[in-house]
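Numbering (my numbering), first residue to last: 8 to 247.
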């Protein structure tokens, strides 16, 4: 009888475990060391990839993109403001295709940097839509940082360079866009600057939010895994 009772208790316990939902929301945050941590939480959502390779290009040389609307116009916006946003949106599509960066990521950075304001000036002197510092603008060949086309070209080209530099690591690339590559390299990751951590969190929240029109092809591509044997005879698997 004791054996039977124990079996029944185990069976009931298994039923309880099976009844627990298997999927919870995957949310992310940065810990005190600047590392991004993924945890389960309710309600359900999707996980954020930590690395995104640059976009593949289609046969005609343009970046792959979805056919959904690129931005939501607000009913409070004037006709002139909506027309201006449409012009900027067209520029975003063109420059994103040129440098193979997800347009949704460009929008998330631009929204965080200037809120679509081409005449924005930060307290540190960063200018325009992508908030280029004077030195960075000069290095990128941007003569007029208040010109939306020049500013977007320079900012997206710089973002492309950072994604390549950090092998698609989105957090490091965004941190470098905010604080500079030197600060990221010295810290070995996201620097312990409150402003930079908040910036990375804000941009990624915008980029991964539902309805951001993020391109799945920007991160679903998997790099091949290679098998090798090192000098000590150990089997090593790597994607490099």
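The C-beta atom is built at its ideal place from N, Cα and C for all residues, glycine as well.
Please read these numbers as outputs of a predicted model, since none were measured by experiment.
Close Cβ partners of residue i (< 6 angstroms) along its chain, the five nearest in sequence each way excluded
i           : result
residue 183 : 169 and 191
residue 113 : 99, 103 and 163
residue 241 : none
Where the alpha helix (DSSP H) through residue i begins and ends
i           : result
residue 117 : 110-121
residue 91  : 86-106
residue 185 : 177-186
residue 173 : Element bounds for residue 173: n/a, residue is neither H nor E.
residue 215 : 201-215
Residue i in three-state terms, based on DSSP
i           : result
residue 235 : strand
residue 58  : strand
residue 125 : coil
residue 191 : helix
residue 163 : helix
residue 149 : coil
residue 134 : strand
residue 222 : coil
residue 23  : Reliability of the predicted coordinates at residue 23 is poor, the pLDDT of 44 falling under 50, and no value is obtained from them.
Integer-rounded CB distance, given that residue j should sit under 8 angstroms from residue i
i           : j           : result
residue 215 : residue 55  : 5 angstroms
residue 181 : residue 111 : With a Cβ gap of about 14 angstroms, residue 181 and residue 111 do not count as contacting.
residue 210 : residue 115 : 5 angstroms
residue 129 : residue 136 : Wrong, their Cβ atoms sit about 12 angstroms apart, outside the cutoff.
residue 176 : residue 58  : 5 angstroms
Neighbourhood of residue i by C-beta, 7 angstroms cutoff - its chain only, sequence neighbours within 5 removed
i           : result
residue 132 : 140 and 141
residue 150 : 157
residue 213 : 115, 118, 119 and 219
residue 186 : 198, 200 and 203
Nonlocal neighbours in the same chain, by C-beta distance under 8 angstroms from residue i, ignoring five residues either side
i           : result
residue 239 : none
residue 173 : 179, 180, 183 and 191
residue 94  : 155
Cβ-heavy atom distance, residue i to the ligand ADP, below 7 angstroms
i           : result
residue 171 : With respect to small molecules bound, the structure shown includes none, and the ligand ADP cannot be examined in it.
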